[in-house]
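Enquirer: Mind having a look at this structure? Questions to follow.
Protein chains: 2
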Amino acid sequence: MPSHILSSNIPDIVIGRLPVYLRALTRLAQEGREVTSSHELGQRLGISSAQIRKDLSHFGGFGKQGTGYQIAYLVEQLKQVLKVDQEWDVALVGAGDLGRALAHYRGFGDRGFRIVSMFDNSPDKIGTELENFVIQPLDDLAKVIRERNIKIAMIAVPAESAQEVADRLIEVGVKAILNYAPINLNVPADVHVQYIDPVVHLQRMTYYL
Amino acid sequence: MPSHILSSNIPDIVIGRLPVYLRALTRLAQEGREVTSSHELGQRLGISSAQIRKDLSHFGGFGKQGTGYQIAYLVEQLKQVLKVDQEWDVALVGAGDLGRALAHYRGFGDRGFRIVSMFDNSPDKIGTELENFVIQPLDDLAKVIRERNIKIAMIAVPAESAQEVADRLIEVGVKAILNYAPINLNVPADVHVQYIDPVVHLQRMTYYL
Numbered sequence: 274m275p276s277h278i279l280s281s282n283i284p285d286i287v288i289g290r291l292p293v294y295l296r297a298l299t300r301l302a303q304e305g306r307e308v309t310s311s312h313e314l315g316q317r318l319g320i321s322s323a324q325i326r327k328d329l330s331h332f333g334g335f336g337k338q339g340t341g342y343q344i345a346y347l348v349e350q351l352k353q354v355l356k357v358d359q360e361w362d363v364a365l366v367g368a369g370d371l372g373r374a375l376a377h378y379r380g381f382g383d384r385g386f387r388i389v390s391m392f393d394n395s396p397d398k399i400g401t402e403l404e405n406f407v408i409q410p411l412d413d414l415a416k417v418i419r420e421r422n423i424k425i426a427m428i429a430v431p432a433e434s435a436q437e438v439a440d441r442l443i444e445v446g447v448k449a450i451l452n453y454a455p456i457n458l459n460v461p462a463d464v465h466v467q468y469i470d471p472v473v474h475l476q477r478m479t480y481y482l
Numbered sequence: 274m275p276s277h278i279l280s281s282n283i284p285d286i287v288i289g290r291l292p293v294y295l296r297a298l299t300r301l302a303q304e305g306r307e308v309t310s311s312h313e314l315g316q317r318l319g320i321s322s323a324q325i326r327k328d329l330s331h332f333g334g335f336g337k338q339g340t341g342y343q344i345a346y347l348v349e350q351l352k353q354v355l356k357v358d359q360e361w362d363v364a365l366v367g368a369g370d371l372g373r374a375l376a377h378y379r380g381f382g383d384r385g386f387r388i389v390s391m392f393d394n395s396p397d398k399i400g401t402e403l404e405n406f407v408i409q410p411l412d413d414l415a416k417v418i419r420e421r422n423i424k425i426a427m428i429a430v431p432a433e434s435a436q437e438v439a440d441r442l443i444e445v446g447v448k449a450i451l452n453y454a455p456i457n458l459n460v461p462a463d464v465h466v467q468y469i470d471p472v473v474h475l476q477r478m479t480y481y482l
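Protein chains in written order, with our numbering: chain D, 274 to 482; chain V, 274 to 482.
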């Protein structure tokens, strides 16, 4: 990774937009495009081109005035910055409807993530095969995550058990949690949590209706 | 709705936090609690108590110095502000794994939303019963949404068809879209879109690992 990236201290709000830029650029590349502009990206993303230029300038001027951005190069740079130029092993806890939907989701693989183990505590689910792995009992969670040195987990269990699951994950070294349970988690400062709760997104919009 | 709420112009960033406050307060109420403080909320949410006081002050001083916030009252106020003191009909497009998981999701009902119709274009899904509704063909989408005057939709279709589905929804009056497809949508200024893409959330965390 270029040193100017390592050394730069990028605001979290900017980091939050980089995956969206990466997604849009990857799509442009799939469409066979080789060059784009902050203007076109802005149009696609509903973000001002000035904002996009500013965000991308944090990595030391990609894109030359007038000539625009080389998509393939920018994609590579963003993947490096976000550390998804590698594939991360992910543990998935919860094999309900949502857990199974995530297990079947095709969108992880080519974007830096691979679900490698799935856990649940219900006897009728444990042992069943899903995609390319077998649902394991929660009691094996610590052992498996330690052995595979898994740093990222997704929680798709009911709100009541989410904090306990998070505690167990963190105890064995998980540093990033994507939490689908509709509850805020208490975690140490060095653990990152992101939340997905459709109702929070819906309620955020109804205010404007 | 109290006039001071109607008249106040609340920053979007604050609006984005209100559903999280509402969720935490509802949970406190379920735990049998009647009063809370900005300090306790801050602890639960990882937000500074000063920020919380500032956010909630936009609605004209709930919570008195020292005595804290009356949870039930604050919940009612937030529900009014976010307009979820009513139940909104929601259309769900896409009956794949994710769509089915959303259809089965129990978390909508008591938080202001009710999925009332579900659409898909695959013959093997159309007509099948799911929860309390039957999966309808995409061709019926316009008719149904007009008839039921549905304003909110969730898109759970592949990226390739998401924009076309969005266009069809907007054409018949949908004003708020929760998009699960990993693509940004182009919509008119009066249509609100929120995005849920697990990879965007995961990539946002890997930067810090």
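In this text, a Cβ means the ideal position worked out from N, Cα and C, and glycines have one as well.
Taking the C-alpha atoms as reference points, what is the distance between PRO284(D) and ILE325(V)?
Expert: Answer to the nearest angstrom: the Cα atoms are 22 Å apart.
Enquirer: Residue ranges of each beta strand (DSSP E) run of no fewer than 3 residues wholly in the stretch 407-463 of chain D, ordered along the chain?
Expert: If we require 3 residues or more, the beta strand (DSSP E) runs fully inside the stretch 407-463 of chain D come out as 425-428, 449-452.
Enquirer: Against LEU298(D), what residues of chain V qualify as contacts under a CB-to-CB distance less than 9 Å, listed in chain order?
Expert: Correct list: empty, because the minimum Cβ distance to chain V is about 12 Å.
Enquirer: Looking at PRO471(D): is its Cβ nearer than 9 Å to the Cβ of PHE381(V)?
Expert: Going by C-beta atoms, PRO471(D) is nearer than 9 Å to PHE381(V).
Enquirer: State yes or no: is the C-beta of ILE408(V) within less than 9 Å of the C-beta of ILE399(V)?
Expert: A contact, by the Cβ cut-off of 9 Å.
Enquirer: Does the separation of the CB atoms of LEU451(V) and VAL430(V) fall below 9 Å?
Expert: Not closer than 9 Å, so no.
Enquirer: Quick check: the Cα distance between ALA345(D) and VAL363(D), rounded to an integer number of angstroms?
Expert: For ALA345(D) and VAL363(D), the distance between alpha carbons rounds to 26 Å.
Enquirer: Hey, quick one: how far does the alpha helix (DSSP H) through LEU351(D) stretch, first residue to last?
Expert: Residues 344-354.
Enquirer: Excluding five sequence neighbours on each side, which residues of the same chain lie with their C-beta closer than 8 Å to the C-beta of ASP463(D)?
Expert: Closer than 8 Å at Cβ, skipping near neighbours: LYS448.
Enquirer: Measure the C-alpha to C-alpha separation of GLN268(V) and ARG317(V) and round it to an integer number of angstroms.
Expert: Residue coverage of chain V in this structure runs from 274 to 482, which leaves residue 268(V) outside it and unanswerable.
Enquirer: Work out the CA separation of ASN405(D) and ARG373(D) for me, nearest whole Å.
Expert: Whole-angstrom Cα-Cα distance: 12 Å.
Enquirer: With DSSP as the reference, please indicate the residues paired to PHE392(D) in a beta bridge.
Expert: BP columns for PHE392(D) point to VAL366(D), GLN409(D).
Enquirer: Quick one: what's got a C-beta closer than 8 Å to HIS474(D)'s C-beta in the same chain, skipping five residues either side?
Expert: The answer is none, since no qualifying residue turns up.
Enquirer: Near SER276(V), which residues of its chain fall below 8 Å by C-beta distance, leaving aside the five closest residues on each side in sequence?
Expert: For SER276(V), the predicted model reports a pLDDT of 40, less than 50, meaning its position is unreliable; a value from the coordinates is still stated below. Around SER276(V): no qualifying Cβ.
Enquirer: Out of ALA376(V), LEU458(V), ALA432(V), LEU482(V), state which residue places its alpha-carbon closest to the alpha-carbon of ALA426(D).
Expert: Nearest option by C-alpha distance: LEU482(V).
Enquirer: With respect to the beta strand (DSSP E) encompassing TYR468(D), which residues constitute its N-terminal and C-terminal limits?
Expert: Element bounds for TYR468(D): 465-468.
Enquirer: If you measure beta-carbon to beta-carbon, which residues of the stretch 314-327 of chain V are closer than 9 Å to chain D?
Expert: Listed in sequence order: GLN316, ARG317, LEU318, GLY319.
Enquirer: In the stretch 396-426 of chain V, which residues sit with their C-beta less than 7 Å from some C-beta in chain D, listed in chain order?
Expert: Cβ contacts with chain D come from LYS424, ILE425.
Enquirer: Under the rule that 16 or more other beta-carbon atoms within 10 Å means buried, what is GLN359(V), buried or exposed?
Expert: It counts as exposed.
Enquirer: Buried or exposed, going by whether 16 or more other CB atoms sit within 10 Å of the CB of ALA323(V)?
Expert: By the neighbour-count rule (16 or more Cβ atoms within 10 Å), ALA323(V) is not buried but exposed.
Enquirer: When you compare only the Cα positions, how much space is there between ASP383(D) and ILE428(D)?
Expert: So the two alpha carbons sit approximately 21 Å from each other.
Enquirer: Which partner residues of VAL308(D) appear in the DSSP bridge assignment?
Expert: GLN343(D), per the DSSP bridge assignment.
Enquirer: For a cutoff of 9 Å on Cβ pairs, would you count ASP362(V) as touching chain D?
Expert: For ASP362(V), the answer is no, since every Cβ of chain D falls outside 9 Å of its Cβ.
Enquirer: May I ask you to report which of helix, strand or coil DSSP gives SER276(D)?
Expert: In this prediction, SER276(D) scores a pLDDT of 40, lower than 50, which makes its location untrustworthy; the coordinate-derived value is nonetheless stated afterwards. Three-state result, SER276(D): helix.
Enquirer: Look at the alpha carbon of TYR480(D) and the alpha carbon of ARG290(V), and state the distance between them as a whole number of angstroms.
Expert: Approximately 12 Å, taken between the alpha carbons.
Enquirer: Would a C-beta distance cut-off of 9 Å place VAL293(D) and ASN394(V) closer than the cut-off?
Expert: Not a contact, by the Cβ cut-off of 9 Å.
Enquirer: What three-state label does DSSP hand LEU403(V) in the structure shown?
Expert: Note: LEU403(V) maps to strand in three-state DSSP.
Enquirer: Do you know how far the Cα of GLN303(V) is from the Cα of SER330(V)?
Expert: Their backbone Cα atoms lie some 24 Å apart in a straight line.
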